[in-house]
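Trainee: Protein chains in written order, with my numbering: chain A, 1 to 343; chain B, 1 to 324; chain C, 1 to 269. Don't be surprised by glycine CBs; every beta carbon is placed ideally from N, CA and C. Predicted model, so just to flag it, every value in this text is computed and none were measured.
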Amino acid sequence: MTTVTPAGERGATASPWVVETVALQKHYHVAGGAWRARATVRALEDVSIAVAPARTLAVVGESGCGKSTLARQIAMLETPTAGRVVIAGIDATAADAATRRALRKDVQMVFQNPFASLNPRKKIGQALEEPLAINTDLSRAERAERGRAMLARVGLATEHYRRYPHMFSGGQRQRVAIARALMLEPRLVIADEPVSALDVSIQAQVLNLLMDLQESTGVAYVFISHNLAVVERIADEVVVMYLGRVMERAPKAALFAAPRHPYTRALLASTPRVDAARGEAALARAARSALAGELPSPLAPPSGCVFRTRCPYAIARCAEVVPPLEPAGAAHAAACIRQAEIG
Amino acid sequence: MSLLEVGRLTVEFPAGDGALVAVDDVSFSVAAGEVVGIVGESGSGKSVTALSLLGLVDEPGRVRADRLAFAGRDLQTMAERERRRLLGGEIGMIFQDPMTSLNPSFTVAFQLMEAIALHEGGSRRERRARALQLLKDVEIADAERRLDVFPHQLSGGMSQRVMVAMAIACNPRLLIADEPTTALDVTVQAQMLALLLRLQRERSMALVLITHDLGVVAEVAQRVLVMYAGQIVESAASAELFAAPRHPYTEALLASLPERNAGNRRLASLPGVVPGAYDRPRGCLLSPRCPYVRERCRASRPPLFDVGTSLARCYYPLGAEPRP
Amino acid sequence: MLGLVVLGLLVFCALFADVIAPYSPSEQFRDAALRPPSLAPVGGHVFILGTDPVGRDILSRLIHGTRLSLVIGIVAVGLSLTGGVVLGLVAGFWRGRVAEYVVMRLMDVMLALPSLLLAVAVVAVLGPGLANAMYAIAIVMLPHFVRLTRGAVLGELAKEYVQASRLAGAGTARLMFDTVLPNCAAPLIVQATLGFSSAILDAAALGFLGLGAQPPTPEWGSMLASALEFIQSAWWVVTLPGLAILVTVLAFNLTGDGLRDALDPRLKR
Chain A
1 MTTVTPAGER GATASPWVVE TVALQKHYHV AGGAWRARAT VRALEDVSIA VAPARTLAVV
61 GESGCGKSTL ARQIAMLETP TAGRVVIAGI DATAADAATR RALRKDVQMV FQNPFASLNP
121 RKKIGQALEE PLAINTDLSR AERAERGRAM LARVGLATEH YRRYPHMFSG GQRQRVAIAR
181 ALMLEPRLVI ADEPVSALDV SIQAQVLNLL MDLQESTGVA YVFISHNLAV VERIADEVVV
241 MYLGRVMERA PKAALFAAPR HPYTRALLAS TPRVDAARGE AALARAARSA LAGELPSPLA
301 PPSGCVFRTR CPYAIARCAE VVPPLEPAGA AHAAACIRQA EIG
Chain B
1 MSLLEVGRLT VEFPAGDGAL VAVDDVSFSV AAGEVVGIVG ESGSGKSVTA LSLLGLVDEP
61 GRVRADRLAF AGRDLQTMAE RERRRLLGGE IGMIFQDPMT SLNPSFTVAF QLMEAIALHE
121 GGSRRERRAR ALQLLKDVEI ADAERRLDVF PHQLSGGMSQ RVMVAMAIAC NPRLLIADEP
181 TTALDVTVQA QMLALLLRLQ RERSMALVLI THDLGVVAEV AQRVLVMYAG QIVESAASAE
241 LFAAPRHPYT EALLASLPER NAGNRRLASL PGVVPGAYDR PRGCLLSPRC PYVRERCRAS
301 RPPLFDVGTS LARCYYPLGA EPRP
Chain C
1 MLGLVVLGLL VFCALFADVI APYSPSEQFR DAALRPPSLA PVGGHVFILG TDPVGRDILS
61 RLIHGTRLSL VIGIVAVGLS LTGGVVLGLV AGFWRGRVAE YVVMRLMDVM LALPSLLLAV
121 AVVAVLGPGL ANAMYAIAIV MLPHFVRLTR GAVLGELAKE YVQASRLAGA GTARLMFDTV
181 LPNCAAPLIV QATLGFSSAI LDAAALGFLG LGAQPPTPEW GSMLASALEF IQSAWWVVTL
241 PGLAILVTVL AFNLTGDGLR DALDPRLKR
């Protein structure tokens with residue numbers, strides 16, 4: 001057990017990335033029941049992303065796209081079926097238990113549901129001190145001191161230290177969750193829809209907090225969200241996922257200004273905007289986004305491009321070939337064989 | 001005459017030694033065929049308002065109103081049986097979470113046909129044909145096959161459509177939708193809203209859309225009511241509300257939207273939280289958090305004032321003269 | 001509250017039985033056999049609750065019996081709860097693996113047998129006597145605790161705070177006992193208090209069969225069982241021990257609900 005070295009002071013890593021995944025694949029085997037064969041849920045296929053220090057990578061997609069699964073692989077809560085997760089230059093997938101335990105300090109997570117992510121039987125002070133108690137040999141007094149300091153840093157009064165989670169609102173609990181994630185001074189915090197369950201005005205507060213903390217601690221974020229408006233605020237780079245695959249990745253400005261993949265365009269077109277025209281706009285918007293059909297089941301993803309069953313631009317060849325991520329600009333890539341033509 | 005009239009509705013829940021006022025003196029009306037949006041965050045009382053209109057607020061909640069009328073008929077003095085006929089018949093309601101709003105033990109066909117049977121009757125074959133037609137009306141692909149599936153076999157978007165089908169089964173004149181898109185993915189949301197609008201237009205239904213999502217309301221509603229801590233704080237035509245809000249809360253709500261903060265690193269946000277049961281201020285409910293607060297605001301609660309063509313519950317409405 | 005008061009009274013009786021009981025529980029007054037309850041002295045002694053067929057004072061036997069009943073309850077439930085919780089945690093945490101399969105199938109087998117039969121079988125193996133009866137009862141109650149714990153554990157494992165603790169680096173042991181178990185406490189507490197009650201009743205049944213407490217031990221169940229023939233002629237010999245059992249069981253059940261609420265942080269303001 002060692003004391004925690006702040007992220008900024010830890011030695012330079014072998015890699016320019018805080019976290020990198022290489023061709024990550026995750027399949028789950030599902031019992032089919034007495035009469036059916038076992039099925040495989042292809043939650044992630046060939047996902048390669050990279051997060052730079054002190055930057056925010058947003059992972060965007062709808063339900064079933066695999067973003068939460070991706071979070072779990074990066075956080076080492078599960079082991080991938082294939083591919084690698086590289087944390088601070090070290091291959092976490094191939095590492096032994098001791099190394100993985102040491103890497104835990106570098107990657108932490110904030111969950112979506114503020115009502116389930118704090119142990120109802122522990123006072124929040126205890127919840128904050130738990131990571132320190134497990135990973136460091138600080139004395140009790142020192143742990144409490146750090147806990148209180150972190151609590152103050154996320155904007156909560158230290159008199160709350162000895163209270164139970166149910167006494168706090170959703171927004172406050174989420175702050176506690178953020179404080180807990182930062183206790184070990186990780187290099188990366190994965191935020192899995194951290195503001196989706198909160199009211200609009202509280203969302204703004206929590207997002208501001210996240211941005212402030214990034215500036216002061218240099219932590220990197222993987223920010224998972226389905227809300228493109230929020231992503232446009234907080235992200236530096238964006239990755240768009242659909243049915244377990246990466247459809248597009250780009251710096252934020254490029255993605256929102258000139259999306260190349262049909263799915264990204266559909267997402268952008270579907271997002272309700274306050275400053276759009278009234279009434280007719282909703283109908284027109286649906287027509288523009290024009291995503292026919294339903295999300296295919298991850299048990300049986302379409303051959304070739306997984307998006308082709310709903311894509312307005314699909315051609316025969318889309319069923320034959322899995323489109324690779326082709327460059328579309330500076331640090332901008334999209335997985336569509338027709339991206340140049342669509343324009 | 002308005003289709004729905006609500007006069008001074010108040011809903012209280014006893015709590016400890018006092019009462020939690022979930023809905024505080026709310027009055028509004030909905031004309032036939034109109035689309036009204038009710039916007040608010042948690043604790044604003046918007047859902048309780050909807051539930052109380054339909055008599056769905058259970059004990060120990062207490063519902064009081066000066067006037068609660070649908071198509072001229074008084075809902076408060078109505079016989080229980082008649083009220084039940086109204087609900088699902090002339091008034092339809094859609095709830096937020098499609099996964100829990102449909103009975104998981106019965107097929108879609110069964111539930112739809114049950115709704116039709118309760119209000120219209122007809123032979124089994126007739127009802128099934130009607131159910132099939134309804135599924136097609138709500139744009140469910142492969143409707144014939146989908147009639148006989150169970151709710152857990154449907155996706156979120158599909159389940160929501162089935163709920164809409166059940167709600168419109170008997171051609172209601174008023175449809176109340178409580179957070180109909182919140183649990184759905186963005187692309188499905190767009191389709192759901194378009195569907196609701198289309199149905200509203202085709203059947204000349206009035207639509208009351210309750211949500212916390214301002215974007216949804218902006219695109220769909222003609223008139224918007226903003227609720228805060230149980231009160232209506234602003235009521236205005238949609239375009240006006242979004243262009244020039246009169247109440248500081250509405251302004252703050254709009255200002256905290258990410259899309260209105262283009263170019264800023266940080267988002268504008270109101271400090272503090274919505275008052276709960278025990279810390280309601282003596283004066284204006286927003287006074288502890290309002291950036292424009294003055295002495296008068298802390299001393300007494302403002303009523304709804306006329307401000308141009310809108311209503312705002314503020315002594316100092318934005319862009320207008322202070323109220324006496 | 002009421003449950004706690006009655007329980008307190010019982011504990012008091014158990015602790016100070018030697019002091020407050022008017023007579024020794026095994027002392028036989030041959031000339032005062034089968035006397036009904038009365039305040040009138042009989043041959044120089046007052047038997048407030050009457051005497052049993054061999055002249056022993058029922059009040060004294062009941063008071064001493066308190067000690068036995070509480071011990072039976074505590075030991076049987078204690079053993080069963082401990083074992084059940086550990087097995088339940090194992091089954092919950094190693095879901096889908098051999099460990100869970102073995103544990104749960106074993107519990108299924110135990111549940112398939114009528115509990116009394118199982119207890120009799122265990123006592124038959126171990127030999128009659130109160131101590132062995134307690135072990136038998138503990139074994140019989142085990143599957144209930146295991147299933148309950150496993151169910152609660154599975155429910156809690158799905159929640160994100162468990163993942164959060166894993167991220168903090170918690171190992172399996174810490175996750176089991178420090179993170180998850182406290183949140184499973186509520187149903188376990190209720191089951192444990194119900195277990196007290198059924199332990200006492202099971203001990204009585206075993207005593208009835210001659211497999212539990214042996215005479216002259218003043219255990220309520222055996223007292224009840226050995227005097228059934230007198231139910232018409234000397235009702236007090238049968239009814240009073242039965243009443244004692246009833247009151248104790250009720251007290252445990254009432255206390256259980258209160259205890260569960262007292263330990264729930266969500267109910268603290």
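Check each candidate in 217/B, 166/B, 58/B and name the one with the smallest Cα separation from residue 40/B.
Mentor: Looking up residue 40/B in the second sequence gives position 40. Selected option, being the one with the closest Cα: 217/B.
Trainee: Measuring only the C-alpha atoms, how far is residue 319/B from residue 246/B?
Mentor: By 1-based counting over the second sequence, the position of residue 319/B is 319. By 1-based counting over the second sequence, the position of residue 246/B is 246. Using only the alpha carbons, I get a separation of about 7 Å.
Trainee: Identify the contact partners of residue 230/A in chain B, using a Cβ-Cβ distance below 8 Å as the criterion.
Mentor: Here the question's residue 230/A lines up with position 230 in the first sequence. Within 8 Å of the CB of residue 230/A, the CB atoms of chain B belong to 258, in sequence order along the chain.
Trainee: Does the distance from the CB of residue 136/C to the CB of residue 153/C come in under 9 Å?
Mentor: Along the third sequence, one-based indexing puts residue 136/C at 136. Along the third sequence, one-based indexing puts residue 153/C at 153. No, they are not a contact pair.
Trainee: Does the beta-carbon of residue 2/A have 16 or more other beta-carbons within 10 angstroms, so that it is buried, or is it exposed?
Mentor: The residue given as residue 2/A occupies position 2 in the first sequence. Since pLDDT at residue 2/A reaches only 41, below the 50 mark, its modelled position is unreliable, and the value read off the structure follows with that caveat. Looking at its Cβ environment, which holds fewer than 16 other Cβ atoms inside 10 Å, residue 2/A is exposed.
Trainee: Just how far apart, CA to CA, sit residue 197/B and residue 191/C?
Mentor: As a working note, residue 197/B is residue 197 in the second sequence. As a working note, residue 191/C is residue 191 in the third sequence. If I take the Cα positions, the gap works out to 54 Å.
Trainee: Going by C-alpha to C-alpha distance, which of 223/B, 93/B, 117/B, 127/B sits closest to residue 161/B?
Mentor: Taking the first residue of the second sequence as 1, we reach residue 161/B at position 161. The shortest Cα separation from residue 161/B among 223/B, 93/B, 117/B, 127/B belongs to 93/B.
Trainee: How far does the beta strand (DSSP E) with residue 37/B in it reach, from first residue to last?
Mentor: Taking the first residue of the second sequence as position 1, residue 37/B is located at position 37. Looking at the DSSP string, the run of the beta strand (DSSP E) that includes residue 37/B is 35-39.
Trainee: Specify, as a first and last residue, the run of the beta strand (DSSP E) that residue 237/A falls within.
Mentor: Residue mapping note: residue 237/A aligns to position 237 of the first sequence, counting from 1. 237-242 is the extent of the beta strand (DSSP E) around residue 237/A.
Trainee: Using a C-beta to C-beta distance shorter than 8 Å, which residues of chain C count as neighbours of residue 298/A?
Mentor: As a first step, residue 298/A is located in the first sequence; it is residue number 298 there, counting from the start. Per Cβ cutoff of 8 Å: no residues; residue 298/A is ~20 Å from chain C at best.
Trainee: Using the C-alpha atoms, what's the distance from residue 223/B back to residue 231/A?
Mentor: Here the question's residue 231/A lines up with position 231 in the first sequence. Here the question's residue 223/B lines up with position 223 in the second sequence. The straight-line gap from Cα to Cα measures roughly 29 Å.
Trainee: Taking residue 111/B as the reference, which of 238/B, 132/B, 299/B has the closest Cα?
Mentor: For the purposes of this step, residue 111/B is identified with residue 111 of the second sequence, where counting begins at 1. It is 132/B.
Trainee: Can you tell me whether DSSP reads residue 93/B as helix, strand or coil?
Mentor: Here the question's residue 93/B lines up with position 93 in the second sequence. Reduced to three states, the DSSP call for residue 93/B is strand.
Trainee: Using CA atoms only, rank isn't needed, just tell me which of 291/A, 181/A, 128/A is closest to residue 158/A.
Mentor: Along the first sequence, read from residue 1 onward, the residue named residue 158/A stands at position 158. For residue 158/A, the nearest C-alpha among the options comes from 128/A.
Trainee: Chain A partners of residue 102/B, CB-CB under 9 Å?
Mentor: Locating residue 102/B in the second sequence gives position 102, counting from the first residue. Neighbours of residue 102/B on chain A: none; closest Cβ ~17 Å, over 9 Å.
Trainee: Who are the near neighbours of residue 204/C in its chain, counting only those whose CB is closer than 8 Å to its CB and skipping five residues on each side?
Mentor: By 1-based counting over the third sequence, the position of residue 204/C is 204. The beta carbon of residue 204/C sits closer than 8 Å to the beta carbons of 212, 219, 220, 221, 222, 224, 225, 245 from its chain, once the five residues preceding and following it are set aside; these are given in chain order.
Trainee: Listed from N- to C-terminal order along the chain, which residues in the stretch 35-55 of chain B have their beta-carbon within a distance smaller than 7 Å of any beta-carbon of chain A?
Mentor: 41, 42
Trainee: Out of 47/A, 81/A, 43/A, 56/A, point me to the one whose CA is closest to residue 63/A's CA.
Mentor: Along the first sequence, read from residue 1 onward, the residue named residue 63/A stands at position 63. If we check each option's Cα against that of residue 63/A, 43/A comes out closest.
Trainee: Residue range of the beta strand (DSSP E) that residue 232/B falls in?
Mentor: Your numbering for residue 232/B matches position 232 in the second sequence. Unbroken beta strand (DSSP E) run through residue 232/B: 231-237.
Trainee: Should residue 259/B be labelled buried (16 or more other beta-carbon atoms within 10 Å of its own) or exposed?
Mentor: Mapped onto the second sequence, residue 259/B falls at position 259. So residue 259/B counts as buried.
Trainee: For a contact defined as C-beta to C-beta under 7 Å, what are the partners of residue 226/A on chain B?
Mentor: In the first sequence, counting from the first residue as 1, residue 226/A sits at position 226. Within chain B, the residues near residue 226/A are 185, 186.
Trainee: Which runs of the alpha helix (DSSP H) fall wholly inside the stretch 289-323 of chain B and span at least 4 residues, in chain order?
Mentor: 295-299
Trainee: Can you look up residue 223/A in the DSSP assignment and give me helix, strand or coil?
Mentor: Position 223 of the first sequence, counted from the start, is the residue given in the question as residue 223/A. Note: residue 223/A maps to strand in three-state DSSP.
Trainee: Would you kindly check if the distance between the Cβ of residue 4/B and the Cβ of residue 53/B is under 9 Å?
Mentor: In the second sequence, the residue the question calls residue 53/B occupies position 53. In the second sequence, the residue the question calls residue 4/B occupies position 4. Contact flag set, yes.
Trainee: Helix, strand or coil: how does DSSP classify residue 23/C here?
Mentor: Indexing the third sequence from 1 puts residue 23/C at position 23. Looking at residue 23/C - three-state DSSP - the assignment turns out to be coil, as it is neither helix nor strand.
Trainee: Who are residue 45/C's beta bridge partners in DSSP?
Mentor: Counting from one through the third sequence, the residue named residue 45/C turns up at place 45. Paired residue(s): 42/C.
Trainee: Checking contacts by CB at 9 Å: is residue 131/A closer than that to chain C?
Mentor: Along the first sequence, one-based indexing puts residue 131/A at 131. So, interface residue.
Trainee: Just to confirm the assignment, what range does the beta strand (DSSP E) spanning residue 10/B have?
Mentor: By one-based count along the second sequence, residue 10/B stands at place 10. Unbroken beta strand (DSSP E) run through residue 10/B: 4-15.
Trainee: Strictly below 9 Å CB to CB, what residues from chain A border residue 261/B?
Mentor: Numbered from 1 along the second sequence, position 261 holds the residue referred to as residue 261/B. What residue 261/B touches in chain A: 204, 233.
Trainee: On the CB-based measure, 16 or more other CB atoms within 10 Å of its CB, does residue 105/A come out buried or exposed?
Mentor: Translated into positions along the first sequence, residue 105/A becomes position 105. So residue 105/A ends up on the buried side.
Trainee: Listed in chain order, which residues of the stretch 48-67 of chain A have Cβ atoms closer than 7 Å to some Cβ of chain B?
Mentor: 62, 63
Trainee: Kindly indicate if chain B contains any beta-carbon less than 9 Å away from that of residue 367/A.
Mentor: Lying outside 1 to 343, the shown extent of chain A, residue 367/A is not represented and no answer is given.
Trainee: For the putative contact between residue 342/A and residue 323/A, defined by C-beta atoms under 8 Å, what is the C-beta separation to the nearest angstrom?
Mentor: To locate residue 342/A, count along the first sequence from 1; it is residue 342. To locate residue 323/A, count along the first sequence from 1; it is residue 323. That pair is no contact at about 12 Å.
Trainee: Let me confirm a value: residue 136/B is counted as buried when at least 16 other C-beta atoms fall within 10 Å, else exposed. Which label applies?
Mentor: For the purposes of this step, residue 136/B is identified with residue 136 of the second sequence, where counting begins at 1. Classification for residue 136/B: exposed.
Trainee: Per the contact definition of three or more C-beta pairs closer than 8 Å, is the stretch 133-147 of chain C in contact with the stretch 78-86 of chain C?
Mentor: yes
Trainee: Are residue 71/A and residue 25/A close, meaning C-beta to C-beta below 9 Å?
Mentor: Taking the first sequence and counting its residues from 1, one reaches residue 71/A at position 71. Taking the first sequence and counting its residues from 1, one reaches residue 25/A at position 25. No, Cβ-Cβ distance for residue 71/A and residue 25/A is not below 9 Å.
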